[in-house]
Amino acid sequence: MAIEPEASRSKSKQAQCAGTRKDGMRCTARVMGAGEHCFAHDPAKAAQRDQARRKGGAGRAIRHRLDHLVPATLRPMIGDLLDALGEVHAGTLDPKRASAMAALAGAITRAYGVGILEERLQALEAAQAAQEGGEA
Ligand SMILES: [Zn+2]
Numbered sequence: 032m033a034i035e036p037e038a039s040r041s042k043s044k045q046a047q048c049a050g051t052r053k054d055g056m057r058c059t060a061r062v063m064g065a066g067e068h069c070f071a072h073d074p075a076k077a078a079q080r081d082q083a084r085r086k087g088g089a090g091r092a093i094r095h096r097l098d099h100l101v102p103a104t105l106r107p108m109i110g111d112l113l114d115a116l117g118e119v120h121a122g123t124l125d126p127k128r129a130s131a132m133a134a135l136a137g138a139i140t141r142a143y144g145v146g147i148l149e150e151r152l153q154a155l156e157a158a159q160a161a162q163e164g165g166e167a
């Protein structure tokens with residue numbers, strides 16, 4: 032009977048992954064099954080991780096299609112965000128970092144949106160002024 036609490040304590044010790052994240056910190060993900068690593072760091076899960084990376088390849092295809100719809104200065108940011116999505120999914124990027132990236136990207140996009148609207152408004156106003164000038 033006294034052995035059981037000891038056994039469950041050593042089990043909970045194994046619960047944290049033995050791997051290291053890209054940012055150099057100890058991986059805080061939980062161990063899967065009987066190994067010492069989470070999904071992202073388990074050497075036996077390399078094939079599944081390759082599959083997840085190929086999904087990242089699909090992200091690159093979307094990126095290519097969006098290229099002509101997005102201002103050139105914003106394109107690298109979209110690439111970074113798509114990479115971050117795959118990395119969070121694979122457990123190799125801290126979700127907090129990804130959240131910070133998403134917040135900054137949102138702010139940048141809103142700032143660009145204001146600039147683009149202002150440009151279009153000026154063009155409309157110039158066109159209208161030219162038309163009124165022609166009628167007078
Ligand atoms: Zn891990």
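Under my numbering, the very last position in the sequence shown is 167; numbers go up by exactly one each time.
Ideal Cβ positions, reconstructed from N, Cα and C, are used throughout, including at glycine.
If you're wondering where the values come from, they're calculated on a predicted model, not measured in any experiment.
Residues of the same chain with a CB within less than 8 Å of the CB of E118, apart from the 5 flanking positions on each side, are K53, L124, A129 in chain order. If you draw a straight line from the Cα of R85 to the Cα of A77, it comes to about 12 Å. The beta carbon of A83 sits no closer than 8 Å to any heavy atom of ligand 1.
Cβ-Cβ distances below 8 Å link F70 to A60, M63, K76, Q79, R80, A121, G122 in the same chain, with the five nearest sequence neighbours on each side left out; the list follows chain order. In the DSSP assignment, T51 is bridged to R57. DSSP, read as helix, strand or coil, puts G122 in coil.
For the pair R106 and C48, the Cα-to-Cα distance works out to about 35 Å. By the beta-carbon neighbour count (other beta carbons within 10 angstroms, threshold 16), G50 is buried.
At a cut-off of 8 Å, the beta-carbon of H120 does not count as near ligand 1: no heavy atom of the ligand is closer than that.
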